[in-house]
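Just below is one structure, and these are the notes that go with it.
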Amino acid sequence: MKINILGIESSCDDTSAAVISDKTILSNVIASQKVHESYGGVVPELASRAHQQNIIPVIHEALKRANLSKNQLHAVAYTRGPGLLGSLLVGTSFAKSFAMGLGIPLIDVDHMDAHILAHFAALPDQPYDPPEFPFLCLTVSGGHTQIVRVDSPFEMTILGRTIDDAAGEAFDKAAKIMGLPYPGGPIIDRLAKEGNPEAFKFPHPQIPDFDYSFSGLKTSFLYFLRDELKKDDDFIEKNKNDLCASIQKTIIDILLKKFLKAAHKTGIKTIAIAGGVSANSELQKQMRAAGEKHNLKVHIPKFEFTTDNAAMIAITGYFKYINNEFSDMEKTPYSRSNSK
Ligand code: KG4
Ligand code: ZN
Numbered sequence: 102m103k104i105n106i107l108g109i110e111s112s113c114d115d116t117s118a119a120v121i122s123d124k125t126i127l128s129n130v131i132a133s134q135k136v137h138e139s140y141g142g143v144v145p146e147l148a149s150r151a152h153q154q155n156i157i158p159v160i161h162e163a164l165k166r167a168n169l170s171k172n173q174l175h176a177v178a179y180t181r182g183p184g185l186l187g188s189l190l191v192g193t194s195f196a197k198s199f200a201m202g203l204g205i206p207l208i209d210v211d212h213m214d215a216h217i218l219a220h221f222a223a224l225p226d227q228p229y230d231p232p233e234f235p236f237l238c239l240t241v242s243g244g245h246t247q248i249v250r251v252d253s254p255f256e257m258t259i260l261g262r263t264i265d266d267a268a269g270e271a272f273d274k275a276a277k278i279m280g281l282p283y284p285g286g287p288i289i290d291r292l293a294k295e296g297n298p299e300a301f302k303f304p305h306p307q308i309p310d311f312d313y314s315f316s317g318l319k320t321s322f323l324y325f326l327r328d329e330l331k332k333d334d335d336f337i338e339k340n341k342n343d344l345c346a347s348i349q350k351t352i353i354d355i356l357l358k359k360f361l362k363a364a365h366k367t368g369i370k371t372i373a374i375a376g377g378v379s380a381n382s383e384l385q386k387q388m389r390a391a392g393e394k395h396n397l398k399v400h401i402p403k404f405e406f407t408t409d410n411a412a413m414i415a416i417t418g419y420f421k422y423i424n425n426e427f428s429d430m431e432k433t434p435y436s437r438s439n440s441k
């Protein structure tokens, strides 16, 4: 018998529901919230209200696309954290009441674990090539930047993390400084394709071990533009593509230098990227090139599993289901990863 699980994700500004049957994703519906664009970032109160509006239609659609009725589900998996508390509460409350109403088990999922385990989600009629354990994962999103050693779906060790801004935040803040809308990451990715990555140089942080820092880069980008704008009002407009290519290159160079150092030090030969920033085309290209150069097997997630989605919650829920790890109604959401 196949195990059917409904996954629910509501940690930030995407309301998503997915249905998985064993390891195969039958549907993955995502409602992205446009309401934040003009604010230059996610407004928590608006996010939770939008989740409340979206959650029932999104779940309805996910079941419909999977061609399953709610009575064919074996469990409900939901994101417990980390994320925005108001947003998490919407998914958590819905998951609890839905599981209780159906009389099926509830599974709580950590959002960061799920980004990594997205690599194990299969799509119907598509090749399945998940990473072999142990592997090293560079998890890069809007809220986190981590180098994680993954020994099994349940054994993950964080070897390094950002001490301030996340890589996605570095993209989004650089975009905001240039007057681009939120989220800036995908826009920088697109404009950078027409720019020269060597046009401008920005300093790399000096941080020990496998940790990262991106707040200094944001400040030097801000000051650099402030000085150039004093000389020429149109500096950003005239140099937008080169600025995007140069800041993108700096972020990627910082990320890969430490990540490859960790691969070298641990001797692990399989590497992967995960999280929203792993959608970045240049990061993917540089990862593949590094893999060839250093003889490492590289895993890049399918595009729909990079930014926030419920398929990753559903596959993590599946691993927990077969490991008999269930949640109870008492568990409350957590906003930060260290409160798991
Ligand atoms: O994983 P995610 O959807 O949400 C969090 O858990 O934070 O990541 C969102 C982040 C945003 O900062 C967004 O700008 C970034 O991922 N992002 C990208 C790209 N697509 C999304 N950054 C660079 N290049 C992209 N193509
Ligand atoms: Zn995420």
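Just remember that this note's numbering sits 101 ahead of the position in the sequence shown, which is counted from 1.
Heads up, the beta-carbon is just placed ideally off N, CA and C, and yes, glycines get one too.
ask   = Would a C-beta distance cut-off of 8 Å place Ala391 and Leu397 closer than the cut-off?
value = For Ala391 and Leu397, yes; Cβs fall inside 8 Å.
query = Taking DSSP as the reference, what is the three-state secondary structure of Ala223?
reply = Reduced to three states, the DSSP call for Ala223 is strand.
query = Where do the ends of the alpha helix (DSSP H) carrying Ile352 lie?
reply = For Ile352, the enclosing alpha helix (DSSP H) covers residues Phe336 to Thr367.
request  = Say yes only if the C-beta of Glu110 is nearer than 7 Å to one or more non-hydrogen atoms of ligand 1, and no if none qualify.
outcome  = Glu110: no, Cβ never under 7 Å from ligand 1.
task = May I have the straight-line CA-CA distance separating Ala132 from Asp114, to the nearest angstrom?
result = Taking the straight line from one Cα to the other gives about 9 Å.
Any non-hydrogen atom of ligand 4 within 7 Å of Glu270 CB = Here the bound small molecules are ligand 1 and ligand 2; ligand 4 is not part of this structure.
inquiry  = Do Met388 and Lys341 count as a contact pair if the criterion is CB distance below 8 Å?
reply    = No.
inquiry  = Give the list of continuous alpha helix (DSSP H) stretches no shorter than 4 residues that lie fully inside the stretch 276-313.
reply    = Runs found: 286-293.
key: Rounded separation between Leu224 and Ile106 - CA only   = Straight-line Cα distance between these residues: approximately 15 Å.
inquiry  = Please return the same chain residues whose Cβ sits closer than 6 Å to the Cβ of Gly376, not counting the five positions on each side in sequence.
reply    = So the list reads His216, Thr240, Val241 and Ser242, once near-sequence residues are dropped.
inquiry  = Could you compute how far the alpha carbon of Leu189 sits from the alpha carbon of Gly285?
reply    = Those two C-alpha atoms are separated by around 23 Å.
ask   = In this structure, does DSSP put Gly244 in helix, strand or coil?
value = Note: Gly244 maps to coil in three-state DSSP.
query = For Met102, is the classification buried or exposed, using 16 other Cβ atoms within 10 angstroms of its Cβ as the cut-off for buried?
reply = The Cβ neighbour count for Met102, taken over all protein chains shown within 10 Å, is under 16; the residue is labelled exposed.
request  = Could you please give me the residues that DSSP links to Ser117 through a beta bridge?
outcome  = Glu110 and Ile131, per the DSSP bridge assignment.
key: Boundaries of the beta strand (DSSP E) in which Ile259 is found, first to last residue   = Ile259: member of the beta strand (DSSP E) spanning Glu256 to Arg262, first to last residue.
key: Alpha-carbon spacing of Lys277 relative to Gly187, whole angstroms   = Lys277 and Gly187: Cα-Cα distance of roughly 25 Å.
key: Whole-angstrom distance between Ile157 and Pro287, CA atom to CA atom   = Near 28 Å, if we compare the C-alpha coordinates of Ile157 and Pro287.
query = How is Leu207 classed by DSSP in three states: helix, strand or coil?
reply = Taken through DSSP and simplified to helix, strand or coil, Leu207 comes out as strand.
query = Bridge partners of Ser122, per DSSP?
reply = DSSP lists Asn105 and Thr125 as the beta-bridge partner residues of Ser122.
ask   = Buried or exposed: where does Ile121 fall if 16 or more other Cβ atoms within 10 Å of its Cβ makes it buried?
value = Taking every protein chain shown into account, the CB of Ile121 has 16 or more other CB atoms within 10 angstroms, so this residue is buried.
ask   = Helix, strand or coil for Arg181 per DSSP?
value = Arg181: strand per DSSP, three-state reduction.
task = Count the other CB atoms, across all protein chains shown, that sit within 10 Å of the CB of Met201; report buried if there are 16 or more and exposed otherwise.
result = Here Met201 is exposed: its Cβ has fewer than 16 other Cβ atoms, across all protein chains shown, within 10 Å.
ask   = What are the boundary residues of the alpha helix (DSSP H) that includes Thr417?
value = Looking at the DSSP string, the run of the alpha helix (DSSP H) that includes Thr417 is Ala412 to Ile423.
message = Please determine whether the Cβ atom of Ile289 lies at a distance below 7 Å from any heavy atom of ligand 1.
response = Answer for Ile289: yes, Cβ within range of ligand 1.
task = Please name the residue, chosen from Thr263, Leu323 and Phe236, that lies closest to Ile308 on a Cα-to-Cα basis.
result = When each option's Cα is compared against that of Ile308, the closest is Thr263.
request  = Would you mind giving the Cβ-Cβ distance between Pro228 and Phe221, rounded to the nearest angstrom? I have them listed as a contact below 8 Å.
outcome  = Phe221 and Pro228 do not touch by the CB rule: their CB atoms are close to 14 Å apart, not below 8 Å.
query = Which residues share a DSSP beta bridge with Ser198?
reply = Ser198 is not bridged to any residue.
task = Give a single yes or no on whether Pro46 has its beta carbon closer than 7 Å to a heavy atom of ligand 1.
result = The chain is shown from 102 up to 441; residue 46 falls before or after that span and cannot be answered.
Those residues which DSSP pairs with Ile374 across a bridge = Leu239, per the DSSP bridge assignment.
inquiry  = With a threshold of 7 Å (Cβ to nearest heavy atom), would Ser86 be considered close to ligand 1?
reply    = The chain is shown from 102 up to 441; residue 86 falls before or after that span and cannot be answered.
message = DSSP three-state label for His175, please.
response = Of the three classes helix, strand and coil, the one that applies to His175 here is coil, per DSSP.
inquiry  = Any heavy atom of ligand 1 closer than 7 Å to the beta-carbon of His216?
reply    = His216: yes, Cβ under 7 Å from ligand 1.
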